[in-house]
Amino acid sequence: MDKSFNVAIIGAGKMGRSHARTWVQAGHIVRSITDLNEAAARQLASVHNVNKLLTDYKAAIEDKEIDIVSVCVPAGMHAEIAIFAAQQGKHIMCEKPVALTLEAAHAMEDAVSRAGVRCALGFQLNYGKNLDIISGLIKEGAFGNPLMIQLELIKEVRPNLAMHNKFGNNGPIVDCACHDWLFWETAIGSKPKNVFARGGIIAKNRPELAGIKELAIDTASIVLEFESGDVASMNVSWGLAKNTKLFSRFARVRGPEGAAELEKNETIKQLLGDREEIVSAESNLDPRLNMFNHLADCIANNMPVRYGIRTGIEQLTLSMAILESISSGKVVDLDYKTVQGANR
Ligand SMILES: NC(=O)c1ccc[n+]([C@@H]2O[C@H](COP(=O)([O-])OP(=O)(O)OC[C@H]3O[C@@H](n4cnc5c(N)ncnc54)[C@H](O)[C@@H]3O)[C@@H](O)[C@H]2O)c1
């Protein structure tokens, strides 16, 4: 670590707790915790002996001591807080999805670019060692091509109900699938070209969701074609019947020469003919810690981040195309050349 930074955590929920723990683990100092819910802020502050508790994010960010703002609030608030942080010259670690609309994401990108600060998005899956290993195997042609990638993201209704709200985190297609798409486009080194999806809301009659006016799509089958000709299919659902013991597999990849099964941040089982080899077992590595170390390095050395707002905009463009395909019943083409810009 080149330098120790002072961090303000905005949002003391699940991700706020995770960010605070990881910043401390990475050797930085959490100076303040902010949440509209004072009890949540107090609880998290007590874990890390932080004595500055706030309810107003602006006061937290204006604090001259703060170098980095960790944005851990619901997605609809990311842009407002990140823009304010950039305007105050603060670097940003912002959770994904970048925002709920492309308009908000572009405003965020503009503010970050004008201020010349660094902004990383929380795509921690892309900081695990198994991404390097699977990319290496793909590059050396271990599986041949074209590749067929099978992804599964299946869970019960999320306990954080905002995840199911169209105006909250807008369901798994916007909130969650972006981790997996980014992992695979990085692994194969190619961008999505078009997408076809069918889906709906299968948990609509669940009593715990009754208070939500507009539910997000919670279930879909998605087929995505990459510019390389490789194809990925994903089954995604946050509507599994209560207590069903069906656990999703992270990924399977296969080509004419071989196949592999991946567990998230854990093992890669490589299958070539009748040979079976466990290529990696890395459950002790913490990709989020790698991600925070990367942002701190980029700030200290004035370098662009690997996965920033630009990556977030591309992923949100893909999420919107999936939703468009579900609503139109048509294949939707993607053209990332029109999504220009760079991560900062
Ligand atoms: N990277 C990942 O794997 C991952 C996993 C889960 C969630 N997330 C993302 O992290 C973000 C936060 O999710 P979470 O699960 O921690 O939610 P959460 O509901 O557990 O916590 C959010 C907190 O933000 C607070 N808050 C809301 N508005 C605020 C404001 N204006 N000022 C200060 N505090 C405010 C809430 O009171 C709450 O305590 C979301 O964008 C979500 O998509 C990322």
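Each residue of the sequence shown is one higher than the one before, counting from 60 in our numbering. C-beta atoms are modelled at their ideal positions from N, C-alpha and C, and glycine is treated no differently. Keep in mind that this is a model prediction, so the values were computed, not measured.
At the C-beta level, residue 227 and residue 134 come within 9 Å of one another.
Taking 8 Å as the cut-off, the C-beta of residue 111 does not count as close to any heavy atom of ligand 1.
For the options 263, 267, 67 and 127, the alpha carbon positioned closest to that of residue 149 is the one of 127.
With a threshold of 8 Å, the Cβ atom of residue 154 counts as near ligand 1, since some heavy atom of the ligand is closer than that. Of the candidates 402, 357 and 329, 329 places its Cα closest to the Cα of residue 194. In this structure, residue 279 has its CB at a distance of at least 8 Å from all heavy atoms of ligand 1. Counted as a single uninterrupted DSSP element, the alpha helix (DSSP H) harbouring residue 142 occupies residues 137 to 146. Around the C-beta of residue 303, fewer than 16 other C-beta atoms lie within 10 Å, and the residue is accordingly described as exposed. Looking only at 76, 84, 71 and 108, the smallest Cα-Cα distance to residue 95 is reached by 71. Per DSSP, reduced to three states, the secondary structure at residue 222 is helical.
A residue is called buried when at least 16 other Cβ atoms come within 10 angstroms of its Cβ; residue 362 does not meet this threshold and is exposed. Closest by C-alpha distance to residue 199, out of 392, 400, 314 and 65, is 314. Residue 251 and residue 102 have their C-alpha atoms spaced approximately 42 Å apart. The Cβ neighbour count for residue 108, taken over all protein chains shown within 10 Å, is under 16; the residue is labelled exposed.
Scanning its chain for C-beta atoms nearer than 7 Å, with the 5 sequence neighbours on each side dropped, one finds around residue 131 the residues 68, 69, 70, 72, 74, 75, 78 and 154, in chain order.
Here residue 181 has 154 and 155 as same chain residues with Cβ atoms under 6 Å from its own Cβ, once five neighbours each way along the sequence are excluded. The closest heavy atom of ligand 1 lies less than 8 Å from the beta carbon of residue 140.
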